[in-house]
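Below you'll find the structure, written out as structure tokens, and then a few comments.
There are 2 protein chains.
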Amino acid sequence: MRPQVLIIGCGFGGLEAARAFSGSGAAEVDITVVDKTNHHLFQPLLYQVATAGLSAPSIAAPIRHLFRGQRNVTTLLGEVAGIDANAKTATLKDGAVLRWDHLIVAAGATHSYFGRDDWAQHAPGLKTLEDAFEIRRRVLLAFEAAEREDDPARRAALMQFVVVGAGPTGVELAGTFAEIARHTLSGEFRRIDPRQAKVLLVEGGPRVLAAMPEALSERAREQLVALGVEVKLNARVTGIDDQGLDLTTAGGPERLHSRCVVWAAGVAASPLGRVLAEATGCALDRAGRVVVEPDLSLKGFPHIQVIGDLAAAQSHVAGREPKPVPGVSPGAKQMGRCAAANIKRRLRGEAIQAFRYSDYGNLATIGRNSAVVDLGTPAGPLRFSGYFAWLFWLFAHVYFLIGYRNRFVVLLDWAWAYWTYDRGARVVANAGLSEASPARDVKA
Amino acid sequence: MRPQVLIIGCGFGGLEAARAFSGSGAAEVDITVVDKTNHHLFQPLLYQVATAGLSAPSIAAPIRHLFRGQRNVTTLLGEVAGIDANAKTATLKDGAVLRWDHLIVAAGATHSYFGRDDWAQHAPGLKTLEDAFEIRRRVLLAFEAAEREDDPARRAALMQFVVVGAGPTGVELAGTFAEIARHTLSGEFRRIDPRQAKVLLVEGGPRVLAAMPEALSERAREQLVALGVEVKLNARVTGIDDQGLDLTTAGGPERLHSRCVVWAAGVAASPLGRVLAEATGCALDRAGRVVVEPDLSLKGFPHIQVIGDLAAAQSHVAGREPKPVPGVSPGAKQMGRCAAANIKRRLRGEAIQAFRYSDYGNLATIGRNSAVVDLGTPAGPLRFSGYFAWLFWLFAHVYFLIGYRNRFVVLLDWAWAYWTYDRGARVVANAGLSEASPARDVKA
């Protein structure tokens, strides 16, 4: 009986961990990958699905297709509900029990509304394909409703789009919303002028892209403004309802009327963190992430490792203070490789190693021709912004996309969108016309 | 004040009617196009979305984008709930009222379960993008569930796919399901062998593709069998539930166990037919289609025309018996052009003309390398099947697709699928894991 490795979640971390068992020495273990969805999602481009630039299949690959050639991997569609750390089992939501000798938990993160879960219905977040479709639906249908609306105040609220949170996702969404309003939809409406739509980016902190050096944050803010986004810094959200949101700013309380609010402000670890804490007594940090040992395992449970956004991990370099690992895809991938390597070492009776994060830099796109790049090079930091940063961002993302076909299709879609300003995926499957609204008289 | 033309529905008929008012003389009327969705759907390829070969945006174009350059067209997203033929208004579901001087109703068709609407939940039909996503979801998740199922009988039911109705859609779906099982998924599962999946095509009549000449029907049946489809003719469905369906055949009653049944058997006209009947007293045929005058107008209401699948129309050629117009896209397009031309004639005070259908033939695809073609030529009928028929079908469909980008993307997707047997859109956004099923013990 070969050792059984169970990997929960097939994002960047889980996928990389499973792949690390391929090739020579692959026959040593049996791997089961269990995920709630049937696809691995290339999350850095999810905002393009939400803004109708790409279709879902371009950035999502069926998990079992990715492991087609790796015979030691079994893929299961299922949601883990319970973990028994002593019996070494995981129980799925439907009651099925999976046994493991080594467990890698890579269940990722979800949105956090800071305890205000009632805001979720008014301000969807962006983590899954379903989220992306919902945001696409709300944005496109807001313009449709505005075209049919006669009341100027209601029309203005329909044409005001608010993104909460100026991290990478919030910046990408706000920049792209502005491009849609100014360019993509221009000329397609007869009663409204989409160019008069307002896009607001609301951030509680003092600058956008807080993970970036201050100078690049300021470049990003300038580029957002140039694209037509109004950036509100130091503005805290105090309430969200179906008509808009309430803010507290330096100037006092403020009310924004909007029918389309998107939440990009808070990230919380997967609920599986709490399941693990109950099973092992491990500590969770404020965001619900699992505090792991230097080798990514749990204290007292060396056979359980937690990686990716679910892990509060530190990077260990001999002779230096440990540093927290940022919640980015290279971090998750590197943790995946480390977790797999430690299982192999353990099986060979070798000493396990602490996780060390290699930081290749940070990049974020803002919109058409706009991005900021912060790279670490042996000669010191290399920082640039604008058109070349955008090209760099674009090719970096296409390069890391899963599958040759997807890379080609995404490049094609982007080239088309760039030259025509058209966005190919402006399709809403469910227009939700069942809701009734007050009677109005429209001249046909 | 220019005459107001209201077009309800933007399928092949409505789109063609609105386009007929472009170009010279375009300034004569104002046109409003109202549709329940935001996109024009290229329905002949919808089965490719259902079978994960194409992504939705490849075959759906935003309606207002199509009319971007036609300044006399206003596009509205809305569902018509009532029509007043004397006041010349249409009322939308939300109460908005649209006034018209000329009305073209092109609301199309939906599924008919022959009075057994309770079958709909167990056997979805294929008319909209949402339908296509639902079928894709059921087919792919059935294989996923089979991989996790230990009970042989339940596993066999999960791997048995039944298509009811052997018209063009049923034949396309059955042929493609067989290709998915035999080729696309082969090698991706570890516990089941997808090639052992069974695909059944159940037809109440004595042959498949009943609209085709008998010899081509037989060719199509042979090609289906070669692809691995079991064709059951003269088999009437008497019941459908969540575990399978009941049939009456020449050999007596029969029970098929299946967790994935697709309905391609019955078509019913849009409910707007009944709305029109109440408003004008017009007659409906057995399928709920509106019986129209030779010029496609309603008796006593020359300003209302009904076209496309909603119309029970006849083709009129001087000196010959009128012939019913088949429910195909060329018919809808020709009716759209005829309706627009008659409005223009009426505005110029000219005599209106009867509708004449030009039949260019009939083609249907069955699966990889398989199709049947029946063309009318001046030298008599030209009939062929197999590989060249399939190439002919393919290029004919790509040619009629809306938009250069879509044509290119679809050709690319097909070339990829042809050479690799892969299907690029095997993505399920919502795996619906909330349903609980009996506890089972699965070895990881």
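Protein chains in written order, with the working numbering: chain A, 1 to 444; chain B, 1001 to 1444. We put the beta carbon where it would ideally sit given N, CA and C, even for glycine. What you are looking at is a predicted structure, and each value in this text was computed from that prediction instead of being measured.
Contact annotation: PHE67/A and ALA340/A have beta-carbon atoms that are not nearer than 8 Å. ILE8/A sits close to ALA106/A, with the two beta carbons spaced by under 8 Å. Separation of ARG1099/B and ILE1083/B (C-alpha to C-alpha, rounded to the nearest whole angstrom) is 10 Å.
Not a single CB atom of chain A sits nearer than 8 Å to the CB of VAL1105/B. Of ALA1264/B, ARG1348/B, ASN1072/B and SER1358/B, the smallest CA-CA separation from SER1329/B is found for SER1358/B.
Looking at the DSSP output, VAL164/A bridges to VAL202/A and TRP263/A. Take the alpha-carbon of ALA153/A and the one of GLY1424/B: they are about 44 Å apart. Three or more beta-carbon pairs separated by less than 8 Å link the region 260 to 273 of chain A to the region 110 to 124 of chain A, which places the two stretches in contact. Contacts with chain B (Cβ-Cβ distance below 9 Å) from the region 74 to 100 of chain A involve THR74, THR75, LEU76, LEU77, GLY78, GLU79, THR89, ALA90, THR91, LEU92, LYS93, ASP94, GLY95, ALA96, VAL97, LEU98, ARG99 and TRP100, listed in chain order. Residue burial is scored here from C-beta neighbours: PHE143/A has at least 16 other C-beta atoms within 10 angstroms and is therefore classed as buried.
Cβ contact annotation for VAL1306/B (same chain, cutoff 6 Å, sequence separation greater than five): VAL1105, VAL1290 and VAL1292, in chain order. For the region 1045 to 1070 of chain B, the beta-carbon criterion of a distance under 7 Å to any beta-carbon of chain A is satisfied by SER1055, ALA1056, PRO1057, ALA1060, PRO1062, ARG1064, HIS1065 and ARG1068. For ASN38/A, the chain B residues whose Cβ falls inside 8 Å of its Cβ are LEU1140, LEU1141, GLU1144, ARG1426, VAL1427, VAL1428 and ALA1431, in order along the chain. The CB of PHE177/A never comes closer than 7 Å to any CB in chain B; the least such distance is about 17 Å. Beta-bridge pairing by DSSP links VAL33/A to ILE7/A and THR75/A.
In chain order, ARG1068 make up the part of chain B whose C-beta sits under 7 Å from the C-beta of GLY187/A.
In this structure, DSSP gives GLY1125/B a state outside helix and strand, which the three-state scheme calls coil.
Only residues of its own chain outside the window of five on either side were considered, and among them PRO326 and ASN362 have a CB closer than 7 Å to the CB of ALA211/A, listed in chain order.
Listed in chain order, the non-local C-beta contacts of PRO213/A below 8 Å within the same chain comprise ASP374, PRO381 and ARG383, local neighbours out to five positions each way being set aside. Distance between GLN1196/B and PHE1161/B, taken at the CA atoms: about 11 Å. Going by DSSP, PRO1152/B is part of the alpha helix (DSSP H) stretching over 1152 to 1158. Counting only Cβ-Cβ distances below 7 Å, GLU1130/B has contacts in chain A at ALA429 and ASN430, in chain order.
Contiguous alpha helix (DSSP H) elements confined to the region 301 to 384 of chain A occur at 329 to 348, taking only those with 4 or more residues. With respect to the C-alpha of CYS282/A, the residue from VAL267/A, LEU394/A and ILE304/A having the closest C-alpha is ILE304/A. Out of ASP1241/B, GLN1243/B, VAL1237/B and ALA1017/B, the CA that lies nearest to the CA of GLY1252/B is found in VAL1237/B. The DSSP-derived three-state label of SER58/A is helix. Sequence-ordered contacts of the region 1188 to 1219 of chain B with chain A read GLU1188, PHE1189, ARG1190 and ARG1191 [C-beta pairs closer than 8 Å]. Note that the C-beta distance between TRP1390/B and ASN1369/B is below 8 Å. Per DSSP, the continuous beta strand (DSSP E) segment holding LEU103/A begins and ends at 102 to 105. Contact check between the region 1136 to 1151 of chain B and the region 1045 to 1061 of chain B: three or more CB pairs, one atom from each, fall below 8 Å, which counts as touching. LEU185/A sits away from VAL231/A, with the two beta carbons spaced by 8 Å or more.
What GLU1147/B touches in chain A, judged by beta-carbon distance under 9 Å, is ARG64, THR74, THR75, LEU76 and LEU77, going in chain order.
For PHE133/A, the nearest beta carbon of chain B is closer than 8 Å to its own beta carbon. In the DSSP assignment, ALA1178/B forms no beta bridge with any residue.
Rounded to whole angstroms, the Cβ separation of THR176/A and TYR387/A is 17 Å, and the two are not in contact under 8 Å.
CA-CA distance, GLN1223/B to ILE1366/B, rounds to 7 Å.
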